[in-house]
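Undergrad:
Protein chains in written order, with the numbering used here: chain A, 1 to 395; chain B, 1 to 383.
1. Measure the alpha-carbon distance for residue 355 of chain A versus residue 234 of chain B and round it to whole angstroms.
2. Of all the CB atoms in chain A, is at least one closer than 8 Å to the CB of residue 268 of chain B?
3. Assuming residue 166 of chain B and residue 86 of chain B are in contact, meaning their beta carbons sit under 8 Å apart, how far apart are those beta carbons, in whole angstroms?
4. Any C-beta of chain A within less than 9 Å: which residues of the region 10-37 of chain B qualify?
5. I'd like to know whether the C-beta of residue 30 of chain A is nearer than 8 Å to at least one C-beta of chain B.
6. Going along chain B in order, which residues have a C-beta closer than 9 Å to the C-beta of residue 37 of chain A?
7. Could you check whether the Cβ of residue 277 of chain A sits closer than 8 Å to any Cβ belonging to chain B?
8. Checking contacts by CB at 8 Å: is residue 274 of chain A closer than that to chain B?
9. Based on the DSSP secondary-structure assignment, which residues constitute the bridge partners of residue 43 of chain A?
10. With a CB to CB cut of under 6 Å and the five nearest residues on each side skipped, what residues in its chain are close to residue 303 of chain B?
11. What is the rounded straight-line gap between the Cα of residue 391 of chain B and the Cα of residue 262 of chain A?
12. Roughly how many whole angstroms lie between the Cα atoms of residue 83 of chain B and residue 60 of chain B?
13. Return the bridge partner residues of residue 222 of chain A from the DSSP annotation.
14. Along chain A, which residues have their Cβ under 9 Å away from the Cβ of residue 149 of chain B?
15. Quick test of your reading: residue 295 of chain A and residue 388 of chain A, contact by CB under 8 Å. State the CB separation rounded to the nearest angstrom.
16. Starting from the N-terminal side, write out each stretch of the alpha helix (DSSP H) that is 4 residues or longer and does not extend beyond the region 135-217 of chain B.
17. Just the chain B side, please: which residues come within less than 9 Å of residue 18 of chain A by C-beta, in chain order?
18. Pull up the distance between the alpha-carbon of residue 241 of chain B and that of residue 178 of chain B, whole angstroms please.
19. Which residues does DSSP list as the beta-bridge partners of residue 111 of chain A?
20. From residue 86 of chain A to residue 349 of chain A, what distance separates their C-alpha atoms?
21. Quick one: list the residues of chain B neighbouring residue 347 of chain A, beta-carbon separation under 7 Å, in chain order.
22. Answer yes or no: does any C-beta atom of chain A fall closer than 8 Å to that of residue 247 of chain B?
23. Please classify residue 322 of chain A: is it buried, with 16 or more other beta-carbons within 10 angstroms of its beta-carbon, or exposed?
24. In angstroms, rounded to a whole number, what distance separates the CA positions of residue 111 of chain B and residue 249 of chain B?
25. How big is the Cα-Cα spacing for residue 77 of chain B and residue 146 of chain B?
26. So residue 361 of chain A contacts chain B; which residues on that side make the cut at Cβ distance below 7 Å?
27. Are any of the Cβ atoms in chain B nearer than 8 Å to that of residue 315 of chain A?
28. Going by Cα to Cα distance, which pick from A/5, A/102 and A/45 is closest to residue 357 of chain A?
29. Could you tell me which residues DSSP puts in a beta bridge with residue 342 of chain A?
30. Nearest CA to the CA of residue 278 of chain B: which residue from B/308, B/237, B/256 and B/287?
31. Using Cβ-Cβ distances below 7 Å, what residues of the region 251-263 of chain B are close to chain A?
32. So for residue 268 of chain B, helix, strand or coil by DSSP?
Structure (structure tokens):
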């Protein structure tokens, strides 16, 4: 009990005298805020990319590609194969037909707005059922394209990141001219980075004959996936790979997510070391300023532990304030920031927004608190160890 | 010079504070080195691209193929000295995460185009002779423990080997980088061997690489090539190797800008920490500085003393940081294959040295200015 009241008294004194040390305390706060900003901002890139990719996949949609392909870009499917796939058990049916779309995935060069240099934008050739398979796709400006014409619709994110594919534009890719008649949205997922056209028109423009690259099939239920996969696997006419759409996109996001997380944490760790030294300096200065005050407390009978704890608490408080400020700054500055990068698996662009999640903010503030504990400990021990008589005499 | 002992004593007055300030500066410059290397790595070898090499790709996109017949046509264009081609192979070694780039090439002309690929005479001969042979760079060979003579199975994600279960290659050579920063992660195989196993590729190549007589004429030659194939089924886009790699880097995103932003945050933080230390150090000595001035030190003299102290502190720590960081980067790619050109260019070392000096001046500026403004009477009166 006495210990607690001592602690409360010392802590109160510490906090009340904090304004006197505003200058050097401010330095510690800024240092920690800098670390947290960098940490949260860099990791929000990884989170945003992952959110765009995982949001793109639904567990009750299956994607079928040629056996051995690791992405749609590498795959080829004959027309006959796509028909067999659509007739397989487990595929949802409506109005007599399967809710499944045989698709083509090609890459076209479109200049990136930010750099002006060419970027690989995915052009997806789809069948009418594609809009039934992907229920979240909705045309928000203009109108859907007419099948059988060279009209295209462009994802909202693609239209924002790349030049010359806005509503009404007429881009030329290869020897065919296209017309943008609509803009579609999918809640910011990877599909919004794509350009959609009629699969038959893409086949002829890219001399693909009657071949496709993938089939997207809506399943009756997510649980029907096993039966669907087994049926296709057992069919001797086929050599295909079947994946849940959600797993396919999750796998594509993993490599980049891991790399950014590694690099981001590494940079933040190095910065944190630098900032901890700054915090230690600040706390040493604080302790040095208060040498006589602390010695007086100890002469009055206050124990070492409350003194040490109060100094560590001051340090933690300063660093936590820095952490919160840094987190807020990162949120204000980076959350929702639109950008696009190259997805190496499909060799095409994925547009996404930086995403500052609550978990990231919590992690950033946790880092700040750890830095505060480390930064306060050494100076606190020094304050507690200084002989009272010497300390009182110090000027 | 004679004031050095005085500066030294001042630095050692608060040993712990000096030490921690120096450590935070050391960390800042280690970070500077690592970030510089990351920037270069994401640039994917732009720094070492040959100025006299042009790349010809399909106008629609890099992933479209060009006819093999273009080779003779391009060679006939004025200013083109030599030509070769490469085609993305995209094989998987055991599992997708073991990624490394693989290209099918025409070995003889390719080695002429890229003298940076250094092979011994025997290795070169062995590779040219063996159609199923391949060469691989030092970093990938070390990563998987491959040696000359090993048989390497690759799963063809892009090209299936018709009539066989998969692809198998014999390592005929392990090449070294002939220029600092040249990527040694790539695996090269015979284009003939690819078309033999996968006839669908026959008559097509991914892109052409060519050498021109005069780099100054690059734009003219490129225009001539693109004009030659205008309105054909496969139109081309020709650019310098450097511009091509820059374009690819731009696709990944502006890594340079991210790195610059992070470094600005780091240096802003460190400048504040170091400057704060110097301000504290000078404030504690107000009385002493007044005494110095009384003894006849000019304002300039006091300014020089404080600035010298700051420069020595930052210079020693920054130099140590640069040296440590450079050594750390020298250990190589920390991600195991993702960043094959992980190195620190000389230019960035020079930038680092300039930053050290700039940081030293910035940290000393405020307290030095305060010291010159000091009025002796006021300062001596202060306790």
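C-beta: ideal position from N, C-alpha, C; glycine also.
Bear in mind that the values here come from a model prediction, so they are computed numbers and not experimental data.
TA: A quick look at the data gives this:
1. In the first chain, counting from the first residue as 1, residue 355 of chain A sits at position 355. In the second chain, counting from the first residue as 1, residue 234 of chain B sits at position 234. So the alpha carbons of these two residues sit roughly 41 Å apart.
2. Reading the second chain from its first residue, position 268 is the one you call residue 268 of chain B. Cβ-Cβ to chain A under 8 Å: yes for residue 268 of chain B.
3. If you number the second chain from 1, residue 166 of chain B lands on position 166. If you number the second chain from 1, residue 86 of chain B lands on position 86. Their Cβ separation, rounded to whole angstroms, is 22 Å, which puts residue 166 of chain B and residue 86 of chain B out of contact at 8 Å.
4. 14, 16, 17, 19, 20, 21, 22, 23, 24, 25, 26, 27, 28, 30, 31, 34 and 35
5. Your numbering for residue 30 of chain A matches position 30 in the first chain. Answer yes: the Cβ-Cβ gap between residue 30 of chain A and chain B drops below 8 Å somewhere.
6. The residue labelled residue 37 of chain A in the question sits at position 37 within the first chain. Within chain B, the residues near residue 37 of chain A are 265.
7. Counting from 1 along the first chain, the entry for residue 277 of chain A is found at position 277. By this cut-off, residue 277 of chain A is an interface position.
8. The residue you call residue 274 of chain A lines up with position 274 of the first chain. Output row for residue 274 of chain A: interface = yes.
9. As a working note, residue 43 of chain A is residue 43 in the first chain. In DSSP, residue 43 of chain A forms no bridge with anything.
10. Your numbering for residue 303 of chain B matches position 303 in the second chain. Answer for residue 303 of chain B: 368 and 372, listed in chain order.
11. Nothing in the structure corresponds to residue 391 of chain B, since chain B is present only between 1 and 383.
12. The count along the second chain starts at 1 and reaches residue 83 of chain B at position 83. The count along the second chain starts at 1 and reaches residue 60 of chain B at position 60. Straight-line Cα distance between these residues: approximately 22 Å.
13. The residue labelled residue 222 of chain A in the question sits at position 222 within the first chain. Looking at the DSSP assignment, residue 222 of chain A forms no beta bridge with any residue, so it has no partner.
14. The count along the second chain starts at 1 and reaches residue 149 of chain B at position 149. Chain A residues near residue 149 of chain B: none, gap ~28 Å exceeds 9 Å.
15. Taking the first residue of the first chain as position 1, residue 295 of chain A is located at position 295. Taking the first residue of the first chain as position 1, residue 388 of chain A is located at position 388. Cβ-Cβ separation between residue 295 of chain A and residue 388 of chain A: approximately 5 Å, consistent with a contact (criterion under 8 Å).
16. 138-144 and 191-197
17. Taking the first chain and counting its residues from 1, the one referred to as residue 18 of chain A is at position 18. Chain B residues near residue 18 of chain A: none, gap ~16 Å exceeds 9 Å.
18. Within the second chain, the letter at position 241 stands for residue 241 of chain B. Within the second chain, the letter at position 178 stands for residue 178 of chain B. Computed Cα separation, rounded: 17 Å.
19. In the first chain, counting from the first residue as 1, residue 111 of chain A sits at position 111. Residue 111 of chain A is bridged to A/118.
20. Position 86 of the first chain, counted from the start, is the residue given in the question as residue 86 of chain A. Position 349 of the first chain, counted from the start, is the residue given in the question as residue 349 of chain A. For residue 86 of chain A and residue 349 of chain A, the distance between alpha carbons rounds to 29 Å.
21. By 1-based counting over the first chain, the position of residue 347 of chain A is 347. Correct list: 63.
22. The count along the second chain starts at 1 and reaches residue 247 of chain B at position 247. Chain A, which has a Cβ nearer than 8 Å to the Cβ of residue 247 of chain B, makes this yes.
23. Start at 1 with the first residue of the first chain, and residue 322 of chain A comes out as number 322. Under this definition residue 322 of chain A is a buried residue.
24. Position 111 of the second chain, counted from the start, is the residue given in the question as residue 111 of chain B. Position 249 of the second chain, counted from the start, is the residue given in the question as residue 249 of chain B. Approximately 25 Å between the Cα atoms of the pair.
25. Counted from its first residue, the second chain places residue 77 of chain B at position 77. Counted from its first residue, the second chain places residue 146 of chain B at position 146. One C-alpha to the other measures close to 41 Å.
26. Working through the first chain from its first residue, we reach residue 361 of chain A at position 361. Ordered by position in chain B, no residue passes the 7 Å Cβ test against residue 361 of chain A, which lies about 17 Å from the chain.
27. Numbered from its first residue, the first chain carries residue 315 of chain A at position 315. Not an interface residue.
28. Walking along the first chain from the start, residue 357 of chain A turns up at place 357. Among A/5, A/102 and A/45, the Cα nearest to that of residue 357 of chain A is on A/45.
29. Within the first chain, the letter at position 342 stands for residue 342 of chain A. Looking at the DSSP assignment, residue 342 of chain A forms a beta bridge with A/349.
30. On the second chain, residue 278 of chain B is found 278 positions in, with the first residue counted as 1. Among B/308, B/237, B/256 and B/287, the Cα nearest to that of residue 278 of chain B is on B/308.
31. 251, 252, 253, 254 and 262
32. As a first step, residue 268 of chain B must be located in the second chain, where it is residue number 268. If DSSP states are grouped into helix, strand and coil, residue 268 of chain B belongs with the helices.
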